[in-house]
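K.L.:
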Amino acid sequence: MHSNTAGLTTARPLTLRRATGGDLDGVLALLAETAAWLNRRGVRQWPAGGFPAGRIAPLIDAGTLYLLEGQDGPAATLALDGHADPEFWAPADDPGAALYVHKLAVARDHSGRGLGEALLDWAGLRVLSLGKRWLRLDCSKDNPGLQGYYRGQRFTHLRTVDLPHRASGALFQRPGGLRGRASGLELPFSDRRGAPVPEHV
Numbered sequence: 001m002h003s004n005t006a007g008l009t010t011a012r013p014l015t016l017r018r019a020t021g022g023d024l025d026g027v028l029a030l031l032a033e034t035a036a037w038l039n040r041r042g043v044r045q046w047p048a049g050g051f052p053a054g055r056i057a058p059l060i061d062a063g064t065l066y067l068l069e070g071q072d073g074p075a076a077t078l079a080l081d082g083h084a085d086p087e088f089w090a091p092a093d094d095p096g097a098a099l100y101v102h103k104l105a106v107a108r109d110h111s112g113r114g115l116g117e118a119l120l121d122w123a124g125l126r127v128l129s130l131g132k133r134w135l136r137l138d139c140s141k142d143n144p145g146l147q148g149y150y151r152g153q154r155f156t157h158l159r160t161v162d163l164p165h166r167a168s169g170a171l172f173q174r175p176g177g178l179r180g181r182a183s184g185l186e187l188p189f190s191d192r193r194g195a196p197v198p199e200h201v
């Protein structure tokens with residue numbers, strides 16, 4: 001039975017909730033840490049210094065940025081919405097049939113725990129709950145390692161859109177729901193007061 005969870009028991013409880021304005025600094029720090037780590041590995045998907053507040057605050061205001069919170073602060077984050085980047089997704093892709101993952105990042109001290117996989121499974125369940133068909137994302141067109149990660153999460157590479165002004169452009173999708181093998185990491189989804197969050201993105 002699924003209940004907004006995506007499954008591994010952990011000694012440090014984690015709660016998934018919508019980010020609020022008070023989380024902005026923590027989210028920016030997490031994204032900057034991830035961007036620096038990617039750039040050290042030669043991946044130019046994100047700016048080396050992370051994102052300006054003006055790029056992230058609107059996601060919080062729209063209620064589409066989610067925070068996986070542990071006892072020691074943000075463990076991971078992602079944005080999930082219906083926005084299909086028009087430079088990548090064409091009308092023939094039926095953009096409205098999908099939810100789109102953006103800004104997926106896991107804190108380095110939480111890496112290796114399956115948090116990214118669990119967040120993607122949670123997003124896949126949201127796809128079904130909203131009557132959509134696909135979970136989609138775009139990632140670096142020049143990073144076979146990252147593309148291999150998404151293939152390992154049961155995503156299919158559709159095509160690569162090679163635009164000179166975009167580092168991203170490798171387009172992936174998978175059907176809504178859980179992938180073939182679930183991580184077991186439960187992600188209780190609640191607001192700051194512990195009340196259930198409404199089932200909409």
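Read in full-length UniProt numbering, the sequence shown has 147 at position 147, and its numbers run on one by one without any break.
No residue lacks a Cβ here, since even glycine has one placed at the ideal position from N, Cα and C.
On a predicted model such as this, the values are computed, not experimentally measured, just so you know.
1. What residue does the alpha helix (DSSP H) around Arg151 start on, and which one ends it?
2. To which residues of the same chain is Leu14 closer than 7 Å at the C-beta, ignoring the five residues directly before and after it?
3. Does the ligand ADP have even one heavy atom less than 7 Å from the beta-carbon of Asp93?
4. Under 6 Å Cβ to Cβ from Arg44, same chain only, skipping five residues before and after it: list those, please.
5. At which residue ranges does the region 16-87 contain complete beta strand (DSSP E) runs of 3 or more residues, listed in the order of the chain?
6. Tell me whether Ala48 is buried or exposed, calling it buried when 16 or more other Cβ atoms sit within 10 Å of its Cβ.
7. Examine the Cβ distances between the region 28-46 and the region 136-146 and report whether three or more of them are shorter than 8 Å.
8. Is Leu59 closer than 8 Å to Ala79 when the C-beta atoms are compared?
9. Rounded to the nearest angstrom, what separates Glu117 and Gln153 at their Cα positions?
10. If you drop the 5 nearest sequence neighbours on each side, which residues of the same chain put their C-beta closer than 8 Å to that of Ile56?
11. What's the call for Thr34, buried or exposed, on a 16-neighbour Cβ count within 10 Å?
12. Per the DSSP calculation, Ser140 is bridged to which residue(s)?
13. Pop quiz: Gly169 and Thr160 are said to be a contact at Cβ under 8 Å. What is the actual Cβ separation, rounded to whole angstroms?
14. Compare the C-alpha of Gly176 against each of Leu130, Tyr150 and Pro144 and name the closest.
15. Do Arg179 and Gly112 come within 8 Å of each other at the CB atom, strictly closer than that value?
16. Using only CA atoms, which one of Phe155, Phe51, Thr77 and Arg174 lies nearest to Ala97?
17. Less than 8 Å between the CB atoms is what I'm expecting for Val101 and Leu135, so what's the real figure, rounded?
P.N.:
To lay it out plainly:
1. For Arg151, the enclosing alpha helix (DSSP H) starts and ends at Pro144 to Gly152.
2. Contacts found: Leu68, Glu69, Gly70, Ala75 and Leu187.
3. With respect to the ligand ADP, the structure offers nothing, as it holds no ligand at all.
4. Once the five neighbours on either side are set aside, the close Cβ partners of Arg44 are Ala167.
5. Within the region 16-87, the beta strand (DSSP E) runs of at least 3 residues that lie entirely inside it are, in chain order, 65-70 and 73-81.
6. Per the 10 Å Cβ criterion, exposed.
7. Contact between the region 28-46 and the region 136-146 is present, because at least three Cβ pairs lie under 8 Å.
8. Taking C-beta atoms as the reference points, Ala79 and Leu59 count as a pair closer than 8 Å.
9. The alpha-carbon atoms of Glu117 and Gln153 are separated by roughly 7 Å.
10. Leu24, Val27, Leu28, Leu31, Leu65 and Lys103.
11. Result: buried.
12. Partner(s): Ser168.
13. Right, the Cβ-Cβ distance comes to about 5 Å (below 8 Å), so this counts as a contact.
14. With distances taken between Cα atoms, Gly176 lies closest to Leu130.
15. The answer is no: Cβ separation not under 8 Å.
16. When only C-alpha atoms are compared, the closest one is Arg174.
17. Confirmed, about 7 Å.
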